[in-house]
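A quick write-up on the structure given underneath.
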Amino acid sequence: MAYFMPNRVRTWRAAVSISKTKYKLAVERNLIRRQVKAIMREQFCNLNAVDVLVIINQGFLELTFKEKQTIFLNLCQKLQELDAPKPK
């Protein structure tokens, strides 16, 4: 799940939220956080002035890295559609 909001900064910013009740070990939470941020750096380079909050649900750790990339690619495409200037 992801929430986004325009910001006043000229670049995109991201936060990753992972519940301690779903992933009890800090090692798992840090691994997920590193993977998500790496994918976002790769995919979100064209976005401008957007804050993104990604909330990780249970089962994310079981996905392959390729599946995670696909999920974030779809998210990035949706954000780019919303970020694009609207025709008048």
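In numbering that gives the first Met the number 0, the protein residues as written are 0 to 87.
We put the CB at the ideal spot given by N, CA and C, even for glycine.
Predicted model only: the values in this text are computed from it and were never measured.
Exercise. Could you have a look at Phe3 and say whether DSSP puts it in helix, strand or coil?
Key: Taking the sequence shown and counting its residues from 1, one reaches residue 3 at position 4. Strand, per DSSP.
Self-check item: Collapsed DSSP secondary structure at Ala37 in the structure displayed
Solution: Translated into positions along the sequence shown, residue 37 becomes position 38. Helix at Ala37.
Quiz item: Does DSSP put Leu62 in a helix, a strand or coil?
Solution: If you number the sequence shown from 1, residue 62 lands on position 63. Residue state, collapsed to three classes: coil.
Quiz item: On the premise that Phe3 lies in contact with Leu78, defined as a C-beta separation below 8 angstroms, what is that separation, rounded to the nearest angstrom?
Solution: Here residue 78 refers to the residue found at position 79 of the sequence shown. Here residue 3 refers to the residue found at position 4 of the sequence shown. Going by Cβ atoms, the distance from Leu78 to Phe3 rounds to 6 angstroms, so yes, they are a contact pair.
Quiz item: Between which two residues does the beta strand (DSSP E) carrying Val49 extend?
Solution: Taking the sequence shown and counting its residues from 1, the one referred to as residue 49 is at position 50. Val49 to Ile55 is the span of the beta strand (DSSP E), which, as asked, contains Val49.
Quiz item: Between Lys88 and Lys36, what straight-line distance do the alpha-carbon atoms span, to the nearest angstrom?
Solution: Residue 88 lies beyond the stretch modelled for the chain, which goes from 0 to 87, so this question has no answer here.
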